[in-house]
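Asks: Below you'll find the structure I mean.
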Amino acid sequence: MPPISRPRGTEDLLPDQFFAMRRVSEAGLGVAASFGYQQLDTPIFEASELFVRGVGDSTDVVRREMYTFADRSGRSLTLRPENTAPVLRAFGESSLRQLSPPVRLSYAGPMFRYDRPGKGRYRQFHQFGVEAIGDPEPELDAEVIAVAWDWLQELGLGGISLQLNSIGDAACRPAYREALLEHFAPHLATLPELDQERLRRNPLRILDSKEEGSEQLLASAPRTSDYLCQPCREAFERVQLALHAYAIPFELNPRLVRGLDYYVRTTFEVWHEDLMGAQNALFGGGRYDGLSELLGYPPAPGVGFAAGLERVVMLAPPGPPPARPQLVVCSAQPVAVASAIDASQRLRRDGLSVLCDVGGRSLKGKMRAAERSGAEAVAILGEEEVRERRLTLRRLRSGEQMAVRLEQVYVQVREWEQDTQFGEGPA
Ligand code: AMP
Numbered sequence: 002m003p004p005i006s007r008p009r010g011t012e013d014l015l016p017d018q019f020f021a022m023r024r025v026s027e028a029g030l031g032v033a034a035s036f037g038y039q040q041l042d043t044p045i046f047e048a049s050e051l052f053v054r055g056v057g058d059s060t061d062v063v064r065r066e067m068y069t070f071a072d073r074s075g076r077s078l079t080l081r082p083e084n085t086a087p088v089l090r091a092f093g094e095s096s097l098r099q100l101s102p103p104v105r106l107s108y109a110g111p112m113f114r115y116d117r118p119g120k121g122r123y124r125q126f127h128q129f130g131v132e133a134i135g136d137p138e139p140e141l142d143a144e145v146i147a148v149a150w151d152w153l154q155e156l157g158l159g160g161i162s163l164q165l166n167s168i169g170d171a172a173c174r175p176a177y178r179e180a181l182l183e184h185f186a187p188h189l190a191t192l193p194e195l196d197q198e199r200l201r202r203n204p205l206r207i208l209d210s211k212e213e214g215s216e217q218l219l220a221s222a223p224r225t226s227d228y229l230c231q232p233c234r235e236a237f238e239r240v241q242l243a244l245h246a247y248a249i250p251f252e253l254n255p256r257l258v259r260g261l262d263y264y265v266r267t268t269f270e271v272w273h274e275d276l277m278g279a280q281n282a283l284f285g286g287g288r289y290d291g292l293s294e295l296l297g298y299p300p301a302p303g304v305g306f307a308a309g310l311e312r313v314v315m316l317a318p319p320g321p322p323p324a325r326p327q328l329v330v331c332s333a334q335p336v337a338v339a340s341a342i343d344a345s346q347r348l349r350r351d352g353l354s355v356l357c358d359v360g361g362r363s364l365k366g367k368m369r370a371a372e373r374s375g376a377e378a379v380a381i382l383g384e385e386e387v388r389e390r391r392l393t394l395r396r397l398r399s400g401e402q403m404a405v406r407l408e409q410v411y412v413q414v415r416e417w418e419q420d421t422q423f424g425e426g427p428a
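Numbering (our numbering), first residue to last: 2 to 428.
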């Protein structure tokens, strides 16, 4: 029988990757907290209807990419492909609605899309995001962008550009849609199949097209910015002024529409120079003022973004490696096993991280493993040490060795560690 492997498009986060991912998401949650955003978590599966209505049944995500299944009672459930609709649902049906708006929320967790797997594209991936709910003020759009921007700065991630657009609202978008349809109508038959379908289902999505054969017509297509109504125009100006106040550079990109149906007015993405083609976005977001009503709740305007953590981890400069145990405690003979376990427990209570090695292999083998563990020191307990109530403590990088009492171990290991940290110890 062949061994069972992980499902296509998924990844195991082995300790180094897990640590890198956690560092990056905690940095994001920390920056969000410094702006007053509080973290929440919602279920990983939801009623399918939440995404069909909330994300929109003309989107690729809903039409092709959802992991949908019936549970044992026949209810249709879907593994969440994104988290804005779930957060809005949680907001709508909880006491969060009673808080004074805007309610600032952040999250980090796995999302699921039946996407074509490739570099930076998975079927289970992780997003960090924020949502600011209950307030239509355009300055809030700039604030969520600032959270994301400061996070990327903190990670030291260069080569990024903020792409900004406004796609109007229910008042001005119909006219733009018409203009777009008129522009493409005479050439419909020459367009790639996928783009013909986009025009039929949701004309704005054609702006997002990466299909060969549509480029020329796209380049001359009408621009959203020329069709904005006065309130949308003013809102867009205020977003830009606020971004200047945050000293965040941006590029106006009149072709930037987002893949999900619920956006109005501000849309944005952050691109990275090393991400090409359809995978160039590190994160995206925008304003979704009508989403709450779509889900059956009272109006709650909002704005947010979601960032793909795998892509950020891939591009950010590497952080420190995961912490290693500070000390390895080994038994040299079977008679010392109980003492080694007891000593390890006491030292852990003192505050050291201790790897206890009382296995059956030779002391030589244990020492080799201790060297590989990255620990600062190893403490050896043999027959003699047990009899004399002491331990042999050896600093692994120098070979320096001494006999100490248990109470002295903590101070000695910390002292060596500090020497190592400040580079004073012998290499
Ligand atoms: P979206 O919700 O489609 O706007 O995606 C927001 C961000 O999530 C993207 O910019 C990517 O960084 C990330 N993302 C979306 N889909 C995937 C995927 N299949 N694999 C990895 N990251 C993804």
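Ideal placement from N, C-alpha and C gives every residue a C-beta, glycine not left out.
CB residue 358 to CB residue 367, shorter than 8 Å?
Replies: Cβ distance < 8 Å, so residue 358 and residue 367 count as in contact.
Asks: Whose C-alpha, out of 276, 217, 174 and 249, is nearest the C-alpha of residue 231?
Replies: Answer by Cα proximity: 174.
Asks: Could you tell me the distance, in whole angstroms, from the CA atom of residue 426 to the CA atom of residue 325?
Replies: Caution is warranted here: a pLDDT of 46 is assigned to residue 426, below 50, making its placement in the model unreliable, and the coordinate value is therefore given only provisionally. Taking the straight line from one Cα to the other gives about 18 Å.
Asks: Spell out a yes or no on whether the region 308 to 318 and the region 292 to 300 are touching, meaning 3 or more CB-CB pairs, one atom from each, closer than 8 Å.
Replies: No, they do not touch.
Asks: On the DSSP bridge list, what partners appear for residue 304?
Replies: In the DSSP output, where bridge partners are listed per residue, residue 304 has 133 and 288.
Asks: Return the CA-CA distance between residue 194 and residue 205, expressed in angstroms with no decimal places.
Replies: When rounded, the distance between both Cα atoms is 16 Å.
Asks: Restricting to runs no shorter than 4 residues, where is the alpha helix (DSSP H) found entirely within the region 41 to 127?
Replies: Within the region 41 to 127, the complete alpha helix (DSSP H) runs of at least 4 residues are 49 to 55, 61 to 65 and 85 to 93.
Asks: Span of the beta strand (DSSP E) holding residue 162?
Replies: Segment 161 to 167, the beta strand (DSSP E) holding residue 162.
Asks: Mapping DSSP to helix, strand and coil, what is residue 173?
Replies: The answer is coil: DSSP assigns residue 173 none of H, G, I, E or B.
Asks: Examine ligand 1 and report whether any of its heavy atoms sits within less than 7 Å of the Cβ of residue 128.
Replies: Yes, Cβ of residue 128 sits closer than 7 Å to a heavy atom of ligand 1.
Asks: For residue 492, which of 131, 31, 112 and 132 has the nearest alpha-carbon?
Replies: This structure gives no information on residue 492, because the portion of the chain shown stretches from 2 to 428.
Asks: Just the Cα atoms here: how many angstroms apart are residue 67 and residue 116?
Replies: Taking the straight line from one Cα to the other gives about 9 Å.
Asks: Return the first residue and the last residue of the alpha helix (DSSP H) that residue 310 is part of.
Replies: Start and end: 310 to 316.
Asks: How far does the alpha helix (DSSP H) with residue 35 in it reach, from first residue to last?
Replies: That run of the alpha helix (DSSP H) goes 16 to 35.
Asks: Out of 390, 96 and 29, point me to the one whose CA is closest to residue 38's CA.
Replies: Measuring from the Cα of residue 38, the nearest candidate turns out to be 29.
Asks: Using the C-alpha atoms, what's the distance from residue 35 back to residue 109?
Replies: Roughly 16 Å between the two C-alpha positions.
Asks: State the Cα-Cα distance for the pair residue 83 and residue 331, rounded to the nearest angstrom.
Replies: Residue 83 and residue 331: Cα-Cα distance of roughly 48 Å.
Asks: Would the beta-carbon of residue 283 be found less than 7 Å away from any heavy atom of ligand 1?
Replies: Residue 283: yes, Cβ under 7 Å from ligand 1.
Asks: Have a look at residue 185 and residue 165 and give me their C-alpha separation to the nearest angstrom.
Replies: The alpha-carbon atoms of residue 185 and residue 165 are separated by roughly 24 Å.
Asks: Rounded to whole angstroms, how far is the Cβ of residue 381 from the Cβ of residue 392, which I believe are closer than 8 Å?
Replies: Confirmed, Cβ separation roughly 7 Å.
Asks: Could you check which residue in 234, 256, 154 and 196 has the C-alpha nearest to that of residue 247?
Replies: Per the Cα distances, 154.
Asks: Along the alpha helix (DSSP H) that carries residue 371, what are the first and last residues, could you check?
Replies: Note, residue 371: alpha helix (DSSP H), 364 to 374.
Asks: In chain order, what residues of the same chain lie with their CB nearer than 6 Å to the CB of residue 91, ignoring the 5 residues before and after it?
Replies: Only 43 meet the Cβ criterion.
Asks: Within the continuous beta strand (DSSP E) that includes residue 237, where are the two ends?
Replies: Unbroken run through residue 237 is the alpha helix (DSSP H), 231 to 246; no beta strand (DSSP E).
Asks: Identify whether residue 416 lies in helix, strand or coil by the three-state DSSP scheme.
Replies: Helix at residue 416.
Asks: For residue 428, I'd like the list of residues in its chain whose CB is within less than 6 Å of its CB, leaving aside the five on either flank, ordered along the chain.
Replies: Caution is warranted here: a pLDDT of 47 is assigned to residue 428, below 50, making its placement in the model unreliable, and no coordinate value can be reported.
Asks: By DSSP's criteria, residue 39 is part of a beta bridge. Which residues make up the other side?
Replies: Its beta-bridge partners are 106.
Asks: Compute the beta-carbon to beta-carbon distance between residue 168 and residue 265, rounded to the nearest angstrom, for a pair I have assumed lies under 8 Å.
Replies: Their Cβ separation, rounded to whole angstroms, is 7 Å, which keeps residue 168 and residue 265 in contact under 8 Å.
Asks: Which of the three DSSP states, helix, strand or coil, is assigned to residue 270?
Replies: Residue state, collapsed to three classes: strand.
Asks: Closer than 7 Å to a non-hydrogen atom of ligand 1 - does that hold for the CB of residue 287?
Replies: Because no heavy atom of ligand 1 lies under 7 Å away, the Cβ of residue 287 does not count as near it: no.
Asks: Determine the extent of the beta strand (DSSP E) in which residue 154 is found, giving its start and end residues.
Replies: Element bounds for residue 154: not the beta strand (DSSP E) but the alpha helix (DSSP H), 139 to 155.
Asks: What residues match up with residue 252 in a beta bridge as DSSP calls it?
Replies: In the DSSP output, where bridge partners are listed per residue, residue 252 has 164.
Asks: Of all Cβ atoms in chain C, is any one closer than 8 Å to the Cβ of residue 9?
Replies: Included in the structure is just one protein chain, with no chain C present.
Asks: Does ligand 1 have even one heavy atom less than 7 Å from the beta-carbon of residue 384?
Replies: Residue 384 Cβ: outside cutoff for every heavy atom of ligand 1.
Asks: Below 8 Å on the Cβ atoms is my contact criterion, and I expect residue 262 with residue 56 to pass it. Report the Cβ-Cβ distance as a whole number of Å.
Replies: Indeed they touch by this definition, with Cβ atoms about 6 Å apart.
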